[in-house]
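There are 2 protein chains.
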Amino acid sequence: MSESQPVRGEFELIERYFTRPVPAGSTHVRLGVGDDCALLAGVPGEEWAVSTDMLVEGVHFLSDVDPESLGHKSLAVNLSDLAACGATPRCYFLAIALPRIDEAWLAAFVSGQSLLADSHHCLLAGGDTTRSASGVTITVTVMGTVPQGQALLRSGARPGDEVWVSGTLGAAALGLAFRRGDVRLSGPDADRMIARLERPLPRVALGERLRGIATSAIDVSDGLVGDLGHILVRSGVGAVIEWPKVPIDDALRSQQEPVQRRLALTGGDDYELLFTAPPERRQDVLAAGAATDLTCIGTVLPTGGLVVVDGQGRRVDTGAAFDHFRR
Amino acid sequence: MSESQPVRGEFELIERYFTRPVPAGSTHVRLGVGDDCALLAGVPGEEWAVSTDMLVEGVHFLSDVDPESLGHKSLAVNLSDLAACGATPRCYFLAIALPRIDEAWLAAFVSGQSLLADSHHCLLAGGDTTRSASGVTITVTVMGTVPQGQALLRSGARPGDEVWVSGTLGAAALGLAFRRGDVRLSGPDADRMIARLERPLPRVALGERLRGIATSAIDVSDGLVGDLGHILVRSGVGAVIEWPKVPIDDALRSQQEPVQRRLALTGGDDYELLFTAPPERRQDVLAAGAATDLTCIGTVLPTGGLVVVDGQGRRVDTGAAFDHFRR
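Heads up: the sequence lines are chains A and B, in that order. Our numbering puts the first sequence at residues 1 to 327. Our numbering puts the second sequence at residues 1001 to 1327.
Structure (structure tokens):
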């Protein structure tokens, strides 16, 4: 079949857009797209880390979304879960429901997704394509590996640990607020914040380097307060966060203080890593950061839930965590 | 939180319906629901087999579907892919988009899914729940294991092999035709055919026992002609199928001959196993079948695509394979 002809159905769609050969010498993927199952190696001394995320049109993105950005983001949010476990990406599975076959849209979607996948040597190993009754729905299941027993979990934070975060928080939420017309931004600031919203860069390398150093980790997908809350619950500890230390972009700093606080503390979609480490590992943490800005924003306490304080030690209202069913 | 209170959001939903402890002594699942990733063992000498399938309201099921059957079927179609590879189910990941939280619906869905999962010792190891803009969408990713190098693939059929199928074909399609008012059935026949449509039983044990015996295998999800076609293309061979040997239920045999042929040859959703094996392994095949009816329906040829013949050796028209984008 020539590349210029339109695809005629599900099987040709898979053949043209979703079938790529398994590279010779692939250590982890033995068989990719094209059979009933993909086959992955069981490597002694390693564990597979698996995560799945679903993106729904009208909930997570709008129908006029740039398909290349959507392809990128649908994989990025999953790679971010691997990063939060300190896992090395190996392969992913894509299930996608489409109301119709729009080849230009699909080519752009696949291009955005493949570019990110290739940069992490993460192979498309299988999937499912189907028609949808309305709107696009995407489920990506991503798989990576960690040396046995070295995965970063939510449950390991200990009193006295420092709380760290990568990059800046609230940027994606600021991009979304700009999109909705709720805030004003200069052109360059707007572009940067929208890129943070649409093309998040999962902190994969940082996650890998934090193995053996961080005592717990999570990626900031639902907002700092909510995601740190998950660590605290799982670890059975409390924490105090110093609001003036929370790293935010200059574009967010130009907003009014309540907006800064709301977006940086409870805005979702940043996909930064939030983790804890003992104070005596501070140099190791900073070395693991390498080119990534890392900021210590607080301390783990034995109990007391999550408290955010201002520069004078006064408690700051934190609002509620993100919940898909409460919007 | 008491069981009688309504759930208040995504996290409580996951806590109440989707979080079950990993059984002590689980050999393959090290960490289940509740962290950024699930963790699975890399067992030396084993491969992981992975498959993903998406079910969309309005395409694969209607809004008035029985949620317990939907829970069952959404896992069954994936377990069937493992069966086709000869893999032993270990765990699955559920991503589900719901327009609203309907606890009675969810409880029934989870019940239907868990019952099937438990019968195969297949653990819910992770997932994602989200709101949908319209309709329910379900993606299940299932993972099983096979001894290294022993997975049944589509690519191993050799000229001279016999073509086998388990159970009967066309039953699910007959159930669907009855549902649509296209055919008449007696009450017991209708119940049986609808059960085949809504509660298919994946041939997991058969798939496991066919390891080392079958040269190729696939599950019949898109219809005999289409699915055997996948084996032939992948294996680079042809085949002749003798229509009178194709096993069909008495309920289908009571229909007119063209209906019998159409449903048994091209009807989807049966989830029987279709496989090839050398004639000298016939006794091993039948022993692997154990309590499952197995029927030899044809022979693999060196070339010539797929030909279906009647009792007089005349070519039978086979219609087209199932395709989600062509309905």
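Yeah, the Cβ is synthetic: ideal placement off N, Cα and C, and Gly gets one too.
Quiz item: From L1070(B) to H1121(B), what does the alpha carbon distance come to, in whole angstroms?
Solution: 19 Å
Quiz item: Does DSSP put A1038(B) in a helix, a strand or coil?
Solution: strand
Quiz item: Which residue's Cα is closest to the Cα of I1241(B): D1189(B), G1160(B), V1259(B) and V1204(B)?
Solution: G1160(B)
Quiz item: In the structure shown, what three-state DSSP assignment does E3(A) receive?
Solution: Note that E3(A) has pLDDT 39, beneath the 50 cutoff, so the model's placement of it is unreliable and the number below is only indicative. Three-state DSSP puts E3(A) in coil, outside helix and strand.
Quiz item: Just to confirm, are G1238(B) and P1302(B) a CB contact at a threshold of 9 Å?
Solution: yes
Quiz item: Counting only beta-carbon atoms, is C296(A) nearer than 9 Å to chain B?
Solution: no
Practice problem: For G1304(B), decide whether its Cβ has a neighbour in chain A, counting only Cβ atoms nearer than 9 Å. | Solution: no
Quiz item: If you draw a straight line from the alpha carbon of W105(A) to that of L116(A), how long is it in whole angstroms?
Solution: 17 Å
Self-check item: Bounding residues of the alpha helix (DSSP H) (the contiguous stretch that carries P23(A))
Solution: Note, P23(A): premise wrong, no alpha helix (DSSP H); not H, not E.
Practice problem: Report the three-state DSSP secondary structure of S1134(B) (helix, strand or coil). | Solution: coil
Quiz item: Mind checking if G170(A) is an interface residue toward chain B, Cβ cutoff 9 Å exclusive?
Solution: no
Quiz item: Which of helix, strand or coil does DSSP assign to P1147(B)?
Solution: strand
Exercise. Starting from V1316(B), follow the beta strand (DSSP E) in both directions and report where the run begins and ends.
Key: Careful: V1316(B) lies outside any beta strand (DSSP E) and carries neither H nor E.
Quiz item: Relative to the C-alpha of A1157(B), which residue among G1144(B), S1119(B), I1231(B) and G1135(B) is closest?
Solution: I1231(B)
Self-check item: Alpha-carbon to alpha-carbon, I1194(B) and Q260(A)
Solution: 57 Å
Practice problem: Scan the region 1152 to 1190 of chain B and note each continuous alpha helix (DSSP H) run of 4 residues or more that stays entirely inside, going in chain order. | Solution: 1171 to 1179
Practice problem: Give every residue of the same chain whose Cβ lies closer than 8 Å to the Cβ of G212(A), excluding the five residues on either side of it in the sequence, and list them in chain order. | Solution: Q150
Exercise. Could you tell me the boundaries of the alpha helix (DSSP H) in which C91(A) lies?
Key: Here C91(A) belongs to no alpha helix (DSSP H); instead the beta strand (DSSP E) covers T88 to L98.
Quiz item: By Cβ distance, which residues of its chain are closer than 6 Å to K245(A), with the 5 residues on each side in sequence left out?
Solution: I297
Quiz prompt | chain B residues whose Cβ lies nearer than 9 Å to that of V163(A) | solution = Here the premise fails: no neighbours, minimum Cβ distance about 17 Å.
Quiz item: Taking 9 Å as the CB-CB limit, is L265(A) close to chain B?
Solution: no
Self-check item: Per-residue DSSP class, three states only, for D1227(B)
Solution: helix
Quiz item: Sorted by chain position, which residues of the same chain lie with C-beta nearer than 6 Å to A1095(B)'s C-beta, five sequence neighbours on each side aside?
Solution: G1127, D1128 and T1139
Quiz item: Where DSSP assigns a beta bridge to L1031(B), which residues make up the other side?
Solution: L1039(B)
Practice problem: Check whether the Cβ of W1105(B) lies closer than 9 Å to any Cβ atom in chain A. | Solution: no
Quiz item: Secondary structure at D1064(B), three-state DSSP: helix, strand or coil?
Solution: coil
Quiz item: Cα separation between E3(A) and S119(A)?
Solution: Residue confidence for E3(A) is low, a pLDDT of 39 falling below 50, so the modelled location carries little weight; the figure read from the coordinates is stated next. One C-alpha to the other measures close to 26 Å.
Exercise. Tell me whether R1375(B) is buried or exposed, calling it buried when 16 or more other Cβ atoms sit within 10 Å of its Cβ.
Key: The structure shown does not extend to residue 1375(B), since chain B is modelled only from 1001 to 1327, so the question has no answer here.
Quiz item: To which residues of the same chain is E1280(B) closer than 7 Å at the C-beta, ignoring the five residues directly before and after it?
Solution: none
Self-check item: Whole-Å CB distance - S51(A) paired with V165(A), under 8 Å assumed
Solution: That belief does not hold up - the Cβ atoms of S51(A) and V165(A) are roughly 20 Å apart, past 8 Å.
Quiz prompt | Residues of its chain near A97(A), where Cβ-Cβ distance is below 6 Å and the 5 sequence neighbours each way are ignored | solution = T130, S132 and T137
Quiz item: DSSP on G236(A), reduced to helix/strand/coil?
Solution: coil
Practice problem: Return the Cβ separation of T1266(B) and T1318(B) in integer angstroms, given the expectation that the two are a contact with Cβ distance under 8 Å. | Solution: 7 Å
Practice problem: With a threshold of 16 other CB atoms inside 10 Å of the CB of E198(A), please say whether the residue is buried or exposed. | Solution: buried
Quiz prompt | Contacts of F93(A) in chain B (Cβ-Cβ under 7 Å) | solution = V1050, T1052 and T1141
Practice problem: Would you mind telling me which residues of chain B sit closer than 7 Å to S235(A), beta carbon to beta carbon, in chain order? | Solution: Under the 7 Å cutoff, chain B gives no residues; its nearest Cβ is about 11 Å from S235(A).
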